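Enquirer: The structure's right below; bear with me while I get my questions together.
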Amino acid sequence: MQLISNNFQQGMEIIQLSVSKAILLILICKFCFVSSDECVIHTGFEGTIEESAYRISHFERSWKIIVPPGSFVQLSLESYASKYNCPHSTLTVTVLNRDEPYSFCPSESTGMPIIASDDVIINFKMNHDYWFTSSFKMRYKIGNNTCIPRSQVCDGVKHCFDGIDELGCENGVFAVQGITESRKIATNWLKNKWSYSAGWQENTHRGIIAWYLVTERDDKGMDEKLMVKQLEIQTLASLLSEDFEQQTQFSSLTNHPTSYLALCNAGESLPINATSELSKILNSNSEYPFLLDVQAASVMALSFLRHSNQDSFPQTDFENTIERFKTLQKDDGSFGNIYTSAIVTQALLSAEQESSKDWNLNTAVNHLMKHLNSSNVDFLATYLTLPILKGKTLSDIRNTNCSDGFKQNYEGISVDDVKSRLGPKMRVQYSLYIGDEKDTVHTIWFRVPENITVYEVMQLAQVADNKYKFQWKEMGEKLYIYDIDSITNDFENGQFWLLYLGQNKESLTHLIESPDKVTVKDGSQVIMWYKRAHI
Numbered sequence: 005m006q007l008i009s010n011n012f013q014q015g016m017e018i019i020q021l022s023v024s025k026a027i028l029l030i031l032i033c034k035f036c037f038v039s040s041d042e043c044v045i046h047t048g049f050e051g052t053i054e055e056s057a058y059r060i061s062h063f064e065r066s067w068k069i070i071v072p073p074g075s076f077v078q079l080s081l082e083s084y085a086s087k088y089n090c091p092h093s094t095l096t097v098t099v100l101n102r103d104e105p106y107s108f109c110p111s112e113s114t115g116m117p118i119i120a121s122d123d124v125i126i127n128f129k130m131n132h133d134y135w136f137t138s139s140f141k142m143r144y145k146i147g148n149n150t151c152i153p154r155s156q157v158c159d160g161v162k163h164c165f166d167g168i169d170e171l172g173c174e175n176g177v178f179a180v181q182g183i184t185e186s187r188k189i190a191t192n193w194l195k196n197k198w199s200y201s202a203g204w205q206e207n208t209h210r211g212i213i214a215w216y217l218v219t220e221r222d223d224k225g226m227d228e229k230l231m232v233k234q235l236e237i238q239t240l241a242s243l244l245s246e247d248f249e250q251q252t253q254f255s256s257l258t259n260h261p262t263s264y265l266a267l268c269n270a271g272e273s274l275p276i277n278a279t280s281e282l283s284k285i286l287n288s289n290s291e292y293p294f295l296l297d298v299q300a301a302s303v304m305a306l307s308f309l310r311h312s313n314q315d316s317f318p319q320t321d322f323e324n325t326i327e328r329f330k331t332l333q334k335d336d337g338s339f340g341n342i343y344t345s346a347i348v349t350q351a352l353l354s355a356e357q358e359s360s361k362d363w364n365l366n367t368a369v370n371h372l373m374k375h376l377n378s379s380n381v382d383f384l385a386t387y388l389t390l391p392i393l394k395g396k397t398l399s400d401i402r403n404t405n406c407s408d409g410f411k412q413n414y415e416g417i418s419v420d421d422v423k424s425r426l427g428p429k430m431r432v433q434y435s436l437y438i439g440d441e442k443d444t445v446h447t448i449w450f451r452v453p454e455n456i457t458v459y460e461v462m463q464l465a466q467v468a469d470n471k472y473k474f475q476w477k478e479m480g481e482k483l484y485i486y487d488i489d490s491i492t493n494d495f496e497n498g499q500f501w502l503l504y505l506g507q508n509k510e511s512l513t514h515l516i517e518s519p520d521k522v523t524v525k526d527g528s529q530v531i532m533w534y535k536r537a538h539i
């Protein structure tokens, strides 16, 4: 790197390094099925590490690159071929003082170079019951950062002409411990959900978006499969671009943020009233608990417009909403249920709040990773969380190729407690309506004690039939029902579970009160309706 002189005032701490006097040692340590202590020492500031072996059973060889103080090493995998894929042939690059190694398989393309300022260990393994050939070739090059003061290395700003002072600097999302492993687990989960005949079914568009946002290197097998689905995405984009304004006129305001976000990602112009509508959502006083999801999508859409020098940009509303989001974070890092937590975290990242100190990014990401690594993970949670583990959000598509006491209190109300209550009984009907036109209807009848709440009716129903199983989260002083029968509130489509109550179809009334605060009467019809909501 060329030394830039006369750019720094006297007294600044300059990194002093005489590259010509530093010696790079590459220790090639050989490990075969029969133990060996043979080592070969090489010197040089750049060169090639390669191996080609024809083996049976176990073969292993490692190289250690010692990086001089104040320097960086850049490694680029040029080729990696093998008859058998991982785990029979593996190549790992481990950077000392980093928790997660970089792993390569023969089926993967070479990808981006690895930059490190600490010593590096390269490990090549072969293991199979049959003879086979495996080979790789990797180049390395040592550089230094003498062009800038030490205080400016890894400060988030690219001071050097090639940006090498920021390469290999892990901060923000990437500084969260275990994030690489969680990302790998979630990516593999996503891949395993794909099928040749149906893709990801109704979630194909989400699968493709999450995949391309999170991957650095192309997976050849997956890439070939995804190509089959490209026509679906192109068709969708074409329809959205041509008919958006007409569609928007007849859609709910809850749909608009994601529609505007889609247009921004496609590089299309937004309707004239888009900014005012997004501002209206940010200032809404609606008591719907899912309002937070819609507002988060609005923040992502507005993040596109923030640097467009528009006089009408609602800067105050935008900043106030971001600050309000941060105050909603709970001790466990969440902002509500797992889906709300993911979309709010995305909104804060899109608003460039990754390094802000008035919210806890680390606990937020750890909360999301804990769910991804659990048995309760589902597609929507993976779709919303996986990009975060790569420091991305839905607003990055354009740039991509291609509370305990409360819970304990309610969990303590058992179904047996409800059934065993003394006193008169009454008859109650509980139904699930799915779709604006009630495409699917499920109904169950109960004889229950008087003064029973909607929440308790729902508890009885889920014990009687799994299709009524529901999930809830405390939001303020309300119970937020966000999932019934594995159908989750969808902020992108503007569809949510809404509570209706009445004595008959004609008297049905939509209620926004918390289900545990609504008492039913004899002959009441309790309905949870999954439909489009209007704010």
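According to our numbering, the sequence shown is numbered sequentially starting from 5.
No residue lacks a Cβ here, since even glycine has one placed at the ideal position from N, Cα and C.
Small disclaimer: the values here were computed from a predicted structure and weren't measured.
#1: Pull up the CB-CB distance for Met-430 and Asp-526, whole angstroms please, since I reckon it's below 8 angstroms.
#2: Once the 5 residues before and after Ser-354 are set aside, which same chain residues still bring their CB inside 6 angstroms of it?
#3: To the nearest angstrom, report how far apart Asn-127 and Lys-188 are at their CA atoms.
#4: Among all the DSSP beta bridges, which residues are the ones paired with Arg-102?
#5: Considering just the uninterrupted stretch of the beta strand (DSSP E) at His-375, what are its terminal residues?
#6: Here's the rule: buried if 16 or more other CB atoms are within 10 angstroms of the residue's CB, otherwise exposed. What is Glu-496?
#7: If distances are taken between C-alpha atoms only, which option among Leu-352, Tyr-106 and Ile-213 comes closest to Phe-322?
#8: Please state whether DSSP places Val-522 in a helix, a strand or coil.
#9: With respect to the alpha helix (DSSP H) encompassing Tyr-88, which residues constitute its N-terminal and C-terminal limits?
#10: Please classify Ser-528 as buried or exposed, where buried requires at least 16 neighbouring CB atoms within 10 angstroms.
#11: Measuring straight from C-alpha to C-alpha, what distance separates Val-99 and Phe-76?
#12: Give me the DSSP bridge partner(s) of Met-479.
#13: How would you call Ser-518, buried or exposed, if buried means at least 16 neighbouring beta carbons within 10 angstroms?
#14: So does Ser-138 have its beta carbon nearer than 7 angstroms to some heavy atom of the ligand MG?
#15: Alpha carbon to alpha carbon, how far is Glu-327 from Asp-443?
#16: Take Ile-125 as the anchor and find which of Ser-93, Val-71, Ser-138 and Phe-178 has the nearest alpha-carbon.
#17: Assign Ala-85 to one of two classes, buried (16 or more other C-beta atoms within 10 Å of its C-beta) or exposed (fewer than that).
#18: In whole angstroms, what separates the C-alpha of Arg-143 from that of Gln-181?
#19: Would DSSP call Pro-453 helix, strand or coil?
#20: What does DSSP give as the partner residue(s) for Gln-499 in the beta ladder?
#21: Applying the criterion that 16 or more other CB atoms from any shown protein chain within 10 Å of the CB defines a buried residue, is Asp-297 buried or exposed?
#22: Rounded to the nearest angstrom, what separates Val-524 and Lys-473 at their Cα positions?
#23: Could you please give the first and the last residue of the uninterrupted beta strand (DSSP E) stretch that includes Val-1?
#24: The beta strand (DSSP E) with Lys-429 in it runs from where to where?
#25: Hey, Thr-349 and Ile-392: beta-carbon distance below 8 angstroms or not?
#26: On the criterion of 16 or more Cβ atoms from any shown chain inside 10 Å, does Ser-186 qualify as buried, or is it exposed?
#27: If you reduce the DSSP assignment to three classes, tell me which class Gly-147 lands in.
#28: How would you label Thr-457, buried or exposed, when you count the other beta carbons within 10 angstroms and need 16 or more for buried?
#29: Going by the DSSP bridge assignment, what does Glu-50 pair with across the sheet?
#30: Pick helix, strand or coil for Trp-193, following the three-state DSSP scheme.
#31: Could you spell out the range, first to last residue, of the beta strand (DSSP E) harbouring Thr-513?
#32: Per DSSP, what kind of secondary structure is Val-530 in: helix, strand or coil?
#33: Any idea if Ile-146 is buried or exposed, counting beta-carbon neighbours within 10 angstroms, 16 or more meaning buried?
#34: When the Cα atoms are used, what is the spatial distance from Arg-59 to Met-130?
#35: For Gln-78 versus Ile-53, is the C-beta spacing smaller than 8 angstroms?
#36: For the beta strand (DSSP E) that Ala-355 lies in, which residues bound it at each end?
Expert: In short, the structure shows the following:
#1: 4 angstroms
#2: Met-304, Ser-307, Thr-397 and Ser-399
#3: 19 angstroms
#4: Bridge partners of Arg-102: none, in fact.
#5: Premise fails: His-375 lies in the alpha helix (DSSP H), 365 to 376, not in any beta strand (DSSP E).
#6: buried
#7: Leu-352
#8: coil
#9: Per DSSP, Tyr-88 belongs to no alpha helix (DSSP H) and is neither H nor E.
#10: buried
#11: 12 angstroms
#12: Lys-482
#13: buried
#14: Ligands in the displayed structure: none, and consequently the ligand MG is not present.
#15: 40 angstroms
#16: Val-71
#17: exposed
#18: 28 angstroms
#19: strand
#20: Asp-494 and Arg-536
#21: buried
#22: 20 angstroms
#23: Nothing about residue 1 can be reported from this structure: the residues present for the chain run from 5 to 539 only.
#24: 429 to 438
#25: yes
#26: buried
#27: strand
#28: buried
#29: Lys-145
#30: helix
#31: 513 to 515
#32: strand
#33: buried
#34: 8 angstroms
#35: no
#36: It is not in any beta strand (DSSP E) - Ala-355 carries neither H nor E in the DSSP assignment.
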